[in-house]
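Just so you know, this note's numbering puts 174 at position 161 of the sequence shown, and the rest follows in order with no gaps. Cβ coordinates follow ideal geometry from the N, Cα and C atoms, glycine included. Note that the structure is a prediction, hence the values are computed from the model and not measured. Report on the structure given below.
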Amino acid sequence: MDNITRFKEHFSFLVKTEEDHSILDDLSKTVQSFEKDDSGAVRCELSIVDLDDEMAELICPPPFTGSVAADVPAGFVALAQKHNGIYYEDLGGGVIGFLGLSDDGTIESGNWEWEAVEEGDNEEYLEQLEEADIAASSIVCPLQFGQNWILYDPLKKATTGEPALLFLSHGDCELVPIPESDGLTLSQVLLRILAQRILDRDYFEEVYS
């Protein structure tokens with residue numbers, strides 16, 4: 014079986030719709046290598062479109078098999094039980110993707126710093142958090158995008174029933190909704206986040222690094 018086919022078959026858990034299949038198919042065409050070991054860990058290299066000789070090494074540790082904290086959304090748990098992390102290093106610093114669960118079963122938020130919410134123009138949102146008796150320090154980061162972050166919104170549910178997503182840049186630290194993510198599972202969002210840089214497409218116009 015060639016590497017493109019192996020990649021598509023292995024990451025089929027990220028897809029749900031015909032559009033997802035199309036994205037995965039396009040992403041698979043950039044695959045240069047695919048390796049899977051006995052632990053279930055996967056590493057593969059993908060060529061970045063429009064950047065000559067630049068490669069993204071996709072790192073996917075083995076599945077998480079421990080106990081999960083009660084407040085972790087089901088969509089996040091489902092991903093971690095496939096791979097406890099699916100990410101590659103961004104050329105500008107940081108990583109793009111999903112970092113899985115920590116040993117204690119809580120969300121691994123990488124370089125996320127919750128204080129960034131207080132540094133941006135987010136006074137109205139912070140007031141809403143206070144009214145709901147929710148601490149800003151409880152905001153977690155399910156997905157990384159370089160030096161920026163995609164966050165779970167503790168105040169709003171998406172149509173999937175899971176927390177809605179917000180984007181926050183380390184530059185202006187302003188919380189921005191990601192409306193295109195509504196109705197998508199975290200797996201579907203991750204697929205688009207991984208492809209956004211590699212395929213040079215704006216699946217989420219609010220998200221950048």
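**OP:** Give the range of the alpha helix (DSSP H) segment to which Lys-29 is assigned.
**Re:** Run containing Lys-29: none; DSSP gives neither H nor E here.
Original post:
For Glu-131, which option in Leu-142, Glu-121, Gly-123, Asn-124 has the closest C-alpha, if you only look at C-alpha atoms?
Top reply: Leu-142
Original post:
By the 10 Å Cβ neighbour count, where 16 or more other Cβ atoms means buried, how is Arg-205 classified, buried or exposed?
Top reply: buried
**OP:** Please state whether DSSP places Ile-99 in a helix, a strand or coil.
**Re:** strand
Original post:
Ala-177 to Thr-78, Cα distance in whole Å?
Top reply: 26 Å
Original post:
Touch check for the segment 165-173 and the segment 101-119: three-plus C-beta pairs under 8 Å?
Top reply: no
**OP:** Measure how close the beta-carbons of Leu-139 and Trp-162 come, nearest whole angstrom, since I'm counting them as under 8 Å.
**Re:** No, Leu-139 and Trp-162 are not in contact; Cβ-Cβ is about 17 Å, not under 8 Å.
Original post:
Can you tell which of Lys-95, Val-90, Ile-147 has the C-alpha that lies nearest to the C-alpha of Thr-119?
Top reply: Val-90
Original post:
Taking the alpha carbon of Thr-43 as the point to measure from, which residue in Asp-33, Pro-76, Ile-61 has its own alpha carbon closest?
Top reply: Ile-61
Subject >> Given Leu-114 as reference, the closest of Glu-218, Val-108, Val-153 once Cα atoms are compared >> reply: Val-153
Subject >> Beta-carbon gap between Ser-194 and Phe-217 smaller than 8 Å >> reply: yes
Original post:
By Cβ distance, which residues of its chain are closer than 8 Å to Leu-164, with the 5 residues on each side in sequence left out?
Top reply: Trp-125, Ile-152, Val-153, Cys-154, Pro-155, Leu-178, Leu-179, Phe-180, Leu-181, Leu-188
Subject >> For Asp-65, three-class secondary structure by DSSP >> reply: coil
Original post:
Along the chain, where does the alpha helix (DSSP H) that runs through Ala-145 open and close?
Top reply: Looking at the DSSP string, Ala-145 is not in any alpha helix (DSSP H), and its letter there is neither H nor E.
Original post:
For Ala-93, which three-state DSSP category applies?
Top reply: helix
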